[in-house]
Amino acid sequence: MCSKISRFPKQRDGYTIVELMITVAIIAVIASLAVPSWQRARKRAQADALVNELRVTGEAFQIYAAERGGLPANSGSFSTIPAGMTAYMPKSSTWTGVSPTGGYWVWWNFGSGGFWGFTGIIGVYNVNFDPAQITQIDTVMDDGDPNTGGIHSSGSWVFYGVP
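Quick look at the structure:
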């Protein structure tokens, strides 16, 4: 006797290659939409962290000056807290390490001669920011122009003036 041939194939478990490719394509589209938003949020967080660090350390230098009658001498090298400033720096400070931007801190005291109208300058070297981030920092802390006021930017430097 002849066996009966089924017109319908057996049901298979699993997914076809087409179904898998469609799933991967959907995930890729979602990722391509999410990644730019994530990058913008990361850049904004870095800029906000630097703004906070500049404000807090700037205030520490001003408190030092008020209590001791003047700002401390130059720090001498990158990521070195100026002499006498350790007690004034917040415990959360990144001054002895890497800044929120991946750069290194330095302090200059220009005395009565000043620089850009400021007695001292906090510098952050090797800042990996794009111009929009620098402008964001300047807008939050100063006048929105990184070439004037208390925040300046030049190459891979960001400078913050301390009166």
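Residue numbers (the numbering used here): 17 to 179. We put the CB at the ideal spot given by N, CA and C, even for glycine.
Residues that residue i bridges to, as DSSP identifies them
i: residue 120; result: 141
i: residue 134; result: 131
i: residue 178; result: 136
Chain-order list of residues whose beta-carbon lies under 6 Å from that of residue i (same chain, five-residue window excluded)
i: residue 106; result: 72
i: residue 76; result: 104, 105
i: residue 70; result: 176
Three-state secondary structure (DSSP) of residue i
i: residue 125; result: strand
i: residue 173; result: strand
i: residue 114; result: coil
i: residue 167; result: strand
i: residue 154; result: helix
i: residue 188; result: What the structure shows of the chain is the stretch from 17 to 179, and residue 188 is not part of that stretch, so it cannot be assessed.
Residues of its chain near residue i, where Cβ-Cβ distance is below 7 Å and the 5 sequence neighbours each way are ignored
i: residue 118; result: 142, 144
Cβ neighbours of residue i in the same chain (closer than 8 Å, five flanking residues each side left out)
i: residue 100; result: 80, 84, 88
i: residue 172; result: 119, 141, 142, 143, 144
Problem set entry | the segment 137 to 148 contacting the segment 61 to 76, beta-carbon criterion three pairs below 8 Å | Cβ pair count under 8 Å is three or more, so yes.
For this session: Indicate whether the contact test is met: 3 or more Cβ pairs, each with one atom in the segment 154 to 166 and one in the segment 118 to 131, closer than 8 Å.
Result: Flag = no, the segment 154 to 166 and the segment 118 to 131 do not touch.
For this session: Evaluate the contact criterion for the segment 117 to 124 versus the segment 92 to 101: three or more CB pairs, one atom per stretch, below 8 Å.
Result: They touch, by the three-pair rule.
Exercise. Which ranges does the alpha helix (DSSP H) cover as unbroken runs of at least 4 residues, wholly within the segment 23 to 101, from first to last along the chain?
Worked result: Here the runs fully enclosed are 33 to 84.
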